[in-house]
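Asks: Under the numbering used here, the first residue of the sequence shown carries the number 4, and numbering increases by one thereafter. Note that CB positions come from ideal geometry on N, CA and C, so glycine has one too.
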Amino acid sequence: MIDTPTSPITSGLPLFFVITVTAIKQGYEDWLRHKADNEVNGAPVYVVRSGGLVKTRSKNIRVGDIVRVAKDETFPVDLVLLSSDRVDGSCHVTTASLDGETNLKTHVAVPETAVLQSVANLDKLVAVIECQQPEADLYRFVGRITISQQMEEIVRPLGPESLLLRGARLKNTKEIFGVAVYTGMETKMALNYKSKSQKRSAVEKSMNSFLIIYLIILLFEAILSTILKYAWQAEEKWDEPWYNGKTEHERNSSKILRFISDFLAFLVLYNFIIPISLYVTVEMQKFLGSFFIGWDLDLYHEETNQRAQVNTSDLNEELGQVEYVFTDKTGTLTENEMQFRECSINGIKYQEVNGKLTPEGFSEDSPDGNRHTLMKEEELFLKAVCLCHTVQISADQTDGADGPWHANGIASPLEYYASSPDEKALVEAASRVGVVFMGTSGDSMEVKSLGKPERYKLLHVLEFDPNRRRMSVIVESPSGEKLLFTKGAESSILPRSKSGEIDKTRIHVDEFALKGLRTLCVAYRRFTPEEYQEIGKRLHEARTALQQREEKLADVFNFIERDLELLGATGVEDKLQEKVQETIEALRLAGIKVWVLTGDKHETAVSVSLSCGHFHRTMNILELVQHKSDSTCAEQLRQLAKRIKEDHVIQHGLVVDGTSLSLALREHEKLFMEVCKNCSAVLCCRMAPLQKAKVVRLLKTSPEKPITLAIGDGANDVSMIQEAHVGIGIMGKEGRQAVRNSDYAIARFKFLSKLLFVHGHFYYIRIATLVQYFFYKNVCFITPQFLYQFFCLFSQQTLYDSVYLTLYNICFTSLPVLIYSLFEQHVHPHVLQSKPVLYRDISKNAHLGYKPFLYWTILGFLHAFVFFYGSYLLMGEDTSLLGNGQILKPNRQMMFGNWTFGTLVFTVMVITVTMKMALETHFWTWINHFVTWGSIVFYFIFSLFYGGIIWPFLHTQDMYFVFVQLLSSGSAWFAIILIVVACLFLDVVKKVLYRHLQPTSTEKAQLTETGSGINCMDSMCCFSDGETACTSVRRMLERLMGRCSPTRVNRCGISLNSLCCRRFSYKLEPDEPAAIDA
4 MIDTPTSPIT
14 SGLPLFFVIT
24 VTAIKQGYED
34 WLRHKADNEV
44 NGAPVYVVRS
54 GGLVKTRSKN
64 IRVGDIVRVA
74 KDETFPVDLV
84 LLSSDRVDGS
94 CHVTTASLDG
104 ETNLKTHVAV
114 PETAVLQSVA
124 NLDKLVAVIE
134 CQQPEADLYR
144 FVGRITISQQ
154 MEEIVRPLGP
164 ESLLLRGARL
174 KNTKEIFGVA
184 VYTGMETKMA
194 LNYKSKSQKR
204 SAVEKSMNSF
214 LIIYLIILLF
224 EAILSTILKY
234 AWQAEEKWDE
244 PWYNGKTEHE
254 RNSSKILRFI
264 SDFLAFLVLY
274 NFIIPISLYV
284 TVEMQKFLGS
294 FFIGWDLDLY
304 HEETNQRAQV
314 NTSDLNEELG
324 QVEYVFTDKT
334 GTLTENEMQF
344 RECSINGIKY
354 QEVNGKLTPE
364 GFSEDSPDGN
374 RHTLMKEEEL
384 FLKAVCLCHT
394 VQISADQTDG
404 ADGPWHANGI
414 ASPLEYYASS
424 PDEKALVEAA
434 SRVGVVFMGT
444 SGDSMEVKSL
454 GKPERYKLLH
464 VLEFDPNRRR
474 MSVIVESPSG
484 EKLLFTKGAE
494 SSILPRSKSG
504 EIDKTRIHVD
514 EFALKGLRTL
524 CVAYRRFTPE
534 EYQEIGKRLH
544 EARTALQQRE
554 EKLADVFNFI
564 ERDLELLGAT
574 GVEDKLQEKV
584 QETIEALRLA
594 GIKVWVLTGD
604 KHETAVSVSL
614 SCGHFHRTMN
624 ILELVQHKSD
634 STCAEQLRQL
644 AKRIKEDHVI
654 QHGLVVDGTS
664 LSLALREHEK
674 LFMEVCKNCS
684 AVLCCRMAPL
694 QKAKVVRLLK
704 TSPEKPITLA
714 IGDGANDVSM
724 IQEAHVGIGI
734 MGKEGRQAVR
744 NSDYAIARFK
754 FLSKLLFVHG
764 HFYYIRIATL
774 VQYFFYKNVC
784 FITPQFLYQF
794 FCLFSQQTLY
804 DSVYLTLYNI
814 CFTSLPVLIY
824 SLFEQHVHPH
834 VLQSKPVLYR
844 DISKNAHLGY
854 KPFLYWTILG
864 FLHAFVFFYG
874 SYLLMGEDTS
884 LLGNGQILKP
894 NRQMMFGNWT
904 FGTLVFTVMV
914 ITVTMKMALE
924 THFWTWINHF
934 VTWGSIVFYF
944 IFSLFYGGII
954 WPFLHTQDMY
964 FVFVQLLSSG
974 SAWFAIILIV
984 VACLFLDVVK
994 KVLYRHLQPT
1004 STEKAQLTET
1014 GSGINCMDSM
1024 CCFSDGETAC
1034 TSVRRMLERL
1044 MGRCSPTRVN
1054 RCGISLNSLC
1064 CRRFSYKLEP
1074 DEPAAIDA
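1. Closest by CA to residue 644, which one among 624, 631, 662 and 660?
2. Distance, Cα to Cα, residue 182 vs residue 746?
3. If I follow the unbroken beta strand (DSSP E) through residue 329, where does it start and stop?
4. How is residue 380 classed by DSSP in three states: helix, strand or coil?
5. For residue 608, name the three-state secondary structure that DSSP assigns.
6. Which residues share a DSSP beta bridge with residue 420?
7. How long is the line joining the alpha carbons of residue 912 and residue 783, rounded to whole angstroms?
8. Once DSSP output is grouped into helix, strand and coil, what is the label at residue 312?
9. Name the two residues that bound the continuous alpha helix (DSSP H) containing residue 192.
10. Have a look at 840, 858 and 907 and flag the residue whose alpha-carbon is nearest the alpha-carbon of residue 872.
11. As an exercise, report each continuous alpha helix (DSSP H) stretch of at least 4 residues that is fully enclosed by the stretch 682 to 752, in chain order.
12. Would you identify the three-state DSSP class for residue 437, choosing helix, strand or coil?
13. Where does residue 838 land, buried or exposed, given buried means 16+ other C-beta within 10 angstroms?
14. Is residue 1093 near residue 586, with beta carbons less than 7 Å apart?
15. Would you check if there are 3 or more beta carbon pairs closer than 8 Å linking the stretch 572 to 585 to the stretch 334 to 347?
16. Does the beta-carbon of residue 19 have 16 or more other beta-carbons within 10 angstroms, so that it is buried, or is it exposed?
17. Indicate whether at least one CB of chain D lies closer than 7 Å to the CB of residue 476.
18. For residue 667 versus residue 675, is the C-beta spacing smaller than 7 Å?
19. From the DSSP secondary-structure annotation, give me the bridge partner or partners of residue 2.
20. Smallest Cα separation from residue 621: which of 650, 602, 832 and 630?
21. For my contact list, residue 761 and residue 1008 are in at a C-beta cut-off of 8 Å; report their separation, rounded to the angstrom.
22. What is the rounded straight-line gap between the Cα of residue 324 and the Cα of residue 763?
23. What's the gap between the Cα of residue 796 and the Cα of residue 774?
24. If you reduce the DSSP assignment to three classes, tell me which class residue 203 lands in.
25. Beta-carbon within less than 8 Å of residue 53's beta-carbon, same chain only, minus the 5 sequence neighbours each way: which residues are those?
26. Would you please state the rounded distance, in angstroms, between the beta carbons of residue 489 and residue 526? I believe it to be under 8 Å.
27. Given a cut-off of 7 Å on the beta-carbon distance, is the pair residue 785 and residue 273 in contact?
28. Using only the alpha-carbon positions, how far apart do residue 967 and residue 814 sit?
29. Measure the alpha-carbon distance for residue 852 versus residue 632 and round it to whole angstroms.
30. Are there 16 or more other CB atoms within 10 angstroms of the CB of residue 1081, so buried, or fewer, so exposed?
31. With DSSP collapsed to three states, give me the class of residue 113.
32. Expressed to the nearest angstrom, what Euclidean distance is found between the alpha-carbon atoms of residue 88 and residue 70?
33. Tell me whether residue 79 is buried or exposed, calling it buried when 16 or more other Cβ atoms sit within 10 Å of its Cβ.
34. Would you kindly report the start and end of the unbroken alpha helix (DSSP H) that includes residue 535?
35. Who are the near neighbours of residue 410 in its chain, counting only those whose CB is closer than 7 Å to its CB and skipping five residues on each side?
36. From residue 654 to residue 843, what does the alpha carbon distance come to, in whole angstroms?
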């Protein structure tokens, strides 16, 4: 039986408190996630059962159920399309939330099921679907359907064109029916999710490593004390003194067991050096601190009425440690809206002004109601734009008697759906200037040119492919002429053009690209009857070939698309989100590298990267694209590495596509990483969702172990968001999957700078100080206990009363550090946001490295020695210390001396560690004043109350009247003041010297805040003339949120009038922008 020096309650109560608070906090966050999951799983759907439609929940769908999906609804599972409201069984879907592409994709049902458009007919359908096992590839599906009709079985192949993926959205189709083939976690969207792992911050890992060091210190102290005890007891007079004789059982017990028993007793005595309450304080700080993000009005988006949300508070401080940002493009950097900006026709640049094409440099003064007559070249160019595309018109729109024209001659807007957002923007622009695409009917396309209808017969479509980088249509004009219209990248059109303003158009295209516009060139060709006959024959042979069909088609397409006459070029802008360029530049200044990972096409991605400032115009752009073998990929990587070494002065940007990336990661990972790390910016295009996660994992697991952040808005970004150390979802137009699976959610990309540079900076500084301070105060707490054993023959006698042992971390010293960790602002938020370079001061866990940890630990030991030996030297021979001025009798000295000495040490310690926290505090509010000085006052009041009453439920009354006796002595007060000043004086001197001799960038920034020395220590108890307490309170919350606008605070439902009285003015430095909202 171990004779424990402290009671089980003393040791167990703090542990129970820690576990309870942690469980409540984690349980609350799990409940929020469970609630979000239920919203998805409980979404209402309709399935065909017993000849009718039955409403059920999406989680109840089983494989083989026939599901009805209406327009603009999301597919709840992976479906094979059976029929739609169209006769041909086709439908249009957008997969923006899966692969980031906003274009419409056409899916078709097999002919035998396409005619089954009623619920009754579908209920009678007898068919068997055989398909491959579930796999993550979004673009691959192999299966077949066997339909039983009139005693015979019809077998039809199924491919990706028949599969409707979960997460995609039905567009331009009233309703479809499909049969569920993959459900739940077997859907392709779910297979592209990375299984969510528990994320742990770098601070938490540092805490654990520090804890191991303190565990070693604890074991060392316990072993040393045990050894010294037996060394001391080697002398017979100390082994069994006259006042403490051993029992017969103790004399006969095993020495080894006694050694172990004593060792465990010392462990119990010193176990308070392990700060168990640190974990509960950290949990409370993270949980309560996370509310500031949601309350921050700078992160509130007024248009969508969305504020930032926190899904997990465990990673707050990680926002201050980010080294790499991985961002999606569509919907994250851009608004996901294409807008026509400029075009070049026959060598002349045009802009759209008031719905008319106006040559550059001219203004259009004619009133809107007048028709604008198009020149022949302009009309032909616009007709080419209206005919060469894959645009569809909404099925809901029908033409009136006058078509889409109003009486004033202005076209009413039609609702277009396109397989390319560029095509949609171009067709809409053409309709605004007078050439309107009216839709397709069978094999004919109708166009209205200034109200005059024209019908073109669609003969052939030469589909777009990434190798040709163009698409074409062959049509028959109303006059019977055969025409080829083609559009594509300038690199694929201009070399094939033999006439037209080629040189001028090339210059215009370069000018468009410099403005960040997405460019396309448009050309045409007239066919003679003989030429068209030969083309038709060649196309038929290539399309019916059973072998090498793709190669033969490519040859025929190249044969057709030659000798073109250039019509012009277009410039379309994918509208960037507000302040994207400034945000990316700020991230660069903060030392953060930005990678763009997108499923979009190569040209589109590069164009947006240039326009948003991810790639600079002066940057040397390197490409690793369209590689299909390991050898060519490796060779290209070696050449890129060589070029980077040769041109080390120039900044480099890297473009890599999905297929080349797969090859690079398979065999040449190190070489690829070397190239990437030497590039200022990296753009990965044509990326599958899991490839995005692989790239993030590649950086995470590299030798440097950088902290990564992923930000996206669609389901295709979920794997990347879950893989990164910090995942951020954008509340965009592509559903809520990214938001639900993220750690934090914001409405716009521009909010990322405030989230990292202000909130991340504050959270990291606060928790770094909190962790170091906790270890410091526990060293101060338990080291005097260790030193006291040298004076009590290592008898395991406690220096402090058991109540003090229990309440030290729970009551006496917990609140000042908790309030500090919630409210501390060592630099004003405006300064942090306007000077992103300050973010570098805290990067790479600078404040929680072993150097600052060693400083705090040594400081703790130093202060503990001063507490103990200062009290011992000042008290040891002073007989008047007990206060009545009389010479004390020996027995009375012995009776009171032990607890009096321990209480003096404890009093000095509580005051010193609280004052140390005060020295670390830069931002004082009335709450800081209240808890700092209140903690000291509470300790004195509690001690007087605890020692002034005889408590009947206590076994001993050791502390009775001890504190009163202690405080009645003038020399005790002198000792307390002298020891506290001695401890903190060196600390103050060190701070002053370091600030003046070796100031950090952050400390220099603090000097730019005039009045940071601040009247009354920025206290909220101090008001300006005529200022009420409520005004002062209001200013604190505004200060905490980094914004001083009472109307905005009230609008967001914060009715406290807020909390701070810090007066702030900011002195501009020469290199800073003038517009600072102070």
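Replies: The short version:
1. Taking the first residue of the sequence shown as 1, we reach residue 644 at position 641. Ranked by Cα distance from residue 644, the first of 624, 631, 662 and 660 is 624.
2. Position 179 of the sequence shown holds residue 182. Position 743 of the sequence shown holds residue 746. Residue 182 and residue 746: Cα-Cα distance of roughly 35 Å.
3. Working through the sequence shown from its first residue, we reach residue 329 at position 326. Counting along the chain, the unbroken beta strand (DSSP E) around residue 329 starts and ends at 327 to 330.
4. For the purposes of this step, residue 380 is identified with residue 377 of the sequence shown, where counting begins at 1. Three-state DSSP puts residue 380 in a helix.
5. Numbered from its first residue, the sequence shown carries residue 608 at position 605. Note: residue 608 maps to helix in three-state DSSP.
6. In the sequence shown, counting from the first residue as 1, residue 420 sits at position 417. Answer by DSSP bridge pairing, in chain order: 395.
7. The residue you call residue 912 lines up with position 909 of the sequence shown. The residue you call residue 783 lines up with position 780 of the sequence shown. Their Cα atoms are separated by approximately 7 Å.
8. Taking the sequence shown and counting its residues from 1, the one referred to as residue 312 is at position 309. Strand.
9. On the sequence shown, residue 192 is found 189 positions in, with the first residue counted as 1. Here the alpha helix (DSSP H) through residue 192 covers 191 to 194.
10. By one-based count along the sequence shown, residue 872 stands at place 869. Considering only 840, 858 and 907, the residue with the shortest C-alpha distance to residue 872 is 907.
11. Scanning the stretch 682 to 752 for uninterrupted alpha helix (DSSP H) segments of 4 residues or longer gives 692 to 703, 721 to 726 and 740 to 743, listed from N- to C-terminal end.
12. Here residue 437 corresponds to residue number 434 of the sequence shown, with the count starting at 1. Residue 437: coil per DSSP, three-state reduction.
13. Along the sequence shown, read from residue 1 onward, the residue named residue 838 stands at position 835. So residue 838 counts as buried.
14. Any property of residue 1093 remains undetermined from this structure, which presents the chain solely from 4 to 1081.
15. Flag = yes, the stretch 572 to 585 and the stretch 334 to 347 touch.
16. As a working mapping, residue 19 is identified with position 16 in the sequence shown. Exposed: under 16 other Cβ atoms inside 10 Å.
17. Given the protein chain composition of this structure (a single chain), no chain D is represented.
18. Reading the sequence shown from its first residue, position 664 is the one you call residue 667. Reading the sequence shown from its first residue, position 672 is the one you call residue 675. In contact: residue 667 and residue 675 (Cβ atoms closer than 7 Å).
19. Past the edges of the chain, shown from 4 to 1081, lies residue 2, and the structure says nothing about it.
20. Mapped onto the sequence shown, residue 621 falls at position 618. The option with the nearest alpha carbon to residue 621 is 650.
21. The residue given as residue 761 occupies position 758 in the sequence shown. The residue given as residue 1008 occupies position 1005 in the sequence shown. Under the criterion of beta carbons closer than 8 Å, residue 761 and residue 1008 do not qualify as touching, at roughly 13 Å.
22. Within the sequence shown, residue 324 is the residue found at index 321, counting from 1. Within the sequence shown, residue 763 is the residue found at index 760, counting from 1. Residue 324 and residue 763: Cα-Cα distance of roughly 8 Å.
23. On the sequence shown, residue 796 is found 793 positions in, with the first residue counted as 1. On the sequence shown, residue 774 is found 771 positions in, with the first residue counted as 1. Whole-angstrom Cα-Cα distance: 34 Å.
24. As a position in the sequence shown, residue 203 is number 200, starting the count at 1. In the structure shown, residue 203 falls within a coil segment according to DSSP collapsed to helix, strand and coil.
25. Your numbering for residue 53 matches position 50 in the sequence shown. If we look at residue 53 and ignore the five residues flanking it on each side, its Cβ neighbours are 126.
26. To locate residue 489, count along the sequence shown from 1; it is residue 486. To locate residue 526, count along the sequence shown from 1; it is residue 523. Your pair residue 489 and residue 526 checks out as a contact, with CB atoms roughly 5 Å apart and the cut at 8 Å.
27. The sequence position of residue 785 within the sequence shown is 782, counting from 1. The sequence position of residue 273 within the sequence shown is 270, counting from 1. It is a contact, given that the beta carbons lie within the stated cut-off.
28. In the sequence shown, the residue the question calls residue 967 occupies position 964. In the sequence shown, the residue the question calls residue 814 occupies position 811. Each residue's alpha carbon lies about 21 Å from the other.
29. Numbered from its first residue, the sequence shown carries residue 852 at position 849. Numbered from its first residue, the sequence shown carries residue 632 at position 629. If you draw a straight line from the Cα of residue 852 to the Cα of residue 632, it comes to about 45 Å.
30. Your numbering for residue 1081 matches position 1078 in the sequence shown. Per-residue confidence for residue 1081 stands at a pLDDT of 30, beneath the threshold of 50, marking its modelled position as unreliable; the derived number appears in the next sentence. Classification for residue 1081: exposed.
31. Mapped onto the sequence shown, residue 113 falls at position 110. Note: residue 113 maps to coil in three-state DSSP.
32. By one-based count along the sequence shown, residue 88 stands at place 85. By one-based count along the sequence shown, residue 70 stands at place 67. Distance from the CA of residue 88 to the CA of residue 70, rounded to the nearest whole angstrom, comes to 14 Å.
33. For the purposes of this step, residue 79 is taken as residue 76 along the sequence shown, with counting starting at 1. Residue 79 is buried by the Cβ-count criterion.
34. Position 532 of the sequence shown, counted from the first residue, corresponds to residue 535. That run of the alpha helix (DSSP H) goes 532 to 546.
35. Against the sequence shown, residue 410 aligns to sequence position 407. Note that residue 410 scores 34 on pLDDT, short of 50, meaning its location in the model is unreliable; the coordinates nonetheless yield the value given after this. Contacts found: none.
36. Numbered from 1 along the sequence shown, position 651 holds the residue referred to as residue 654. Numbered from 1 along the sequence shown, position 840 holds the residue referred to as residue 843. So the alpha carbons of these two residues sit roughly 20 Å apart.
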